[in-house]
Amino acid sequence: TQLIPFLKSIGYNHLERGIILAVNALFSIVLQIVFGYLCDHFKTIKKFFYLGMTVFLLFGVGMYLITKQNFFLHIVFTSMMASMVKVLSGLIETWMLYLDEKKYGLYRSFGALGLCIGSPIAGIVIVSVTSLQTTQQISL
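One rule links them: number in this note's numbering = place in the sequence shown (from 1) + 11.
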């Protein structure tokens, strides 16, 4: 939810943000095929979910640490982070369906509720941290 505002705050224009999002989609297609194949081949979701979560966290933190315009790095970091969100969503949904088909809809609804609550909280945290950093820079 904070990807576009972040890229906009760094100074990317509409075209550059559009290119970054298009590359995100391409990465997503490739990574979903790769993770799907690996899960089928090794007959496990859990290990690849944890691997995917690690990759997501590393590239997510890296993306937000690069606060100056560096188009190539932002394409790579943003694409890896955003595509891992899509891969992880697919893996967790498949995992939930495998665990309990009857309660799958209930689990999905709580996941949607979590996104509805978590997205504004993420925005509030980012604004709070940014304003705290600005205040500290001014006081120095």
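A virtual CB, placed ideally from N, CA and C, is assigned to each residue, including glycine.
Just so you know, these numbers come straight off a predicted model, no measurement behind them.
Can you have a look at I56 and say buried or exposed, based on whether 16 or more other CB atoms are within 10 angstroms of its CB?
Against the sequence shown, residue 56 aligns to sequence position 45. Buried.
Quick check on the burial criterion: 16 or more other C-beta atoms within 10 angstroms. Buried or exposed for L2?
The shown model of the chain, from 12 to 151, leaves out residue 2, and the question about it has no answer.
Starting from G73, follow the alpha helix (DSSP H) in both directions and report where the run begins and ends.
Against the sequence shown, residue 73 aligns to sequence position 62. For G73, the enclosing alpha helix (DSSP H) starts and ends at 57–76.
Expressed to the nearest angstrom, what Euclidean distance is found between the alpha-carbon atoms of Y115 and M107?
Your numbering for residue 115 matches position 104 in the sequence shown. Your numbering for residue 107 matches position 96 in the sequence shown. Roughly 6 Å between the two C-alpha positions.
Do you know whose CA, among E104, G134, I135, lies nearest G122's CA?
As a working mapping, residue 122 is identified with position 111 in the sequence shown. Ranking the options by Cα distance to G122, first place goes to E104.
Give a yes or no on contact between the region 81–92 and the region 25–39, applying the rule of three or more CB pairs nearer than 8 Å.
Segments in contact, yes.
Starting from G29, trace the alpha helix (DSSP H) both ways and give me its first and last residue.
Counting from 1 along the sequence shown, the entry for residue 29 is found at position 18. Looking at the DSSP string, the run of the alpha helix (DSSP H) that includes G29 is 25–53.
What's the call for G63, buried or exposed, on a 16-neighbour Cβ count within 10 Å?
In the sequence shown, counting from the first residue as 1, residue 63 sits at position 52. Buried: at least 16 other Cβ atoms inside 10 Å.
By Cβ distance below 7 Å, which residues in the same chain neighbour N35 in space, the five residues on each side in sequence not counted?
Taking the sequence shown and counting its residues from 1, one reaches residue 35 at position 24. Result list for N35: T89, S90, A93, S94, in chain order.
With a 10 Å radius around its C-beta and 16 neighbouring C-beta atoms as the bar for buried, classify L68 as buried or exposed.
Against the sequence shown, residue 68 aligns to sequence position 57. By the neighbour-count rule (16 or more Cβ atoms within 10 Å), L68 is not buried but exposed.
Closest by CA to V41, which one among L117, D111, S120, V98?
On the sequence shown, position 30 is the one that residue 41 refers to. Nearest option by C-alpha distance: V98.
Just to confirm my understanding: we take L49, look at its own chain, exclude 5 residues before and 5 after, and list those with CB closer than 6 Å. What are they?
As a first step, residue 49 is located in the sequence shown; it is residue number 38 there, counting from the start. Cβ within range, chain order: F59.
If you measure from the beta carbon of I128 to each beta carbon in chain B, is any gap under 7 Å?
The structure shown contains no chain B; it holds only a single protein chain.
Would you give the residue range spanned by the alpha helix (DSSP H) that K97 belongs to?
Translated into the one-based positions of the sequence shown, residue 97 becomes position 86. Its alpha helix (DSSP H) spans residues 82–110.
Ignore the nearest five residues each way along the sequence and tell me which others in I137's own chain have a CB closer than 7 Å to its CB.
Along the sequence shown, one-based indexing puts residue 137 at 126. So the qualifying residues of the chain are Q13.
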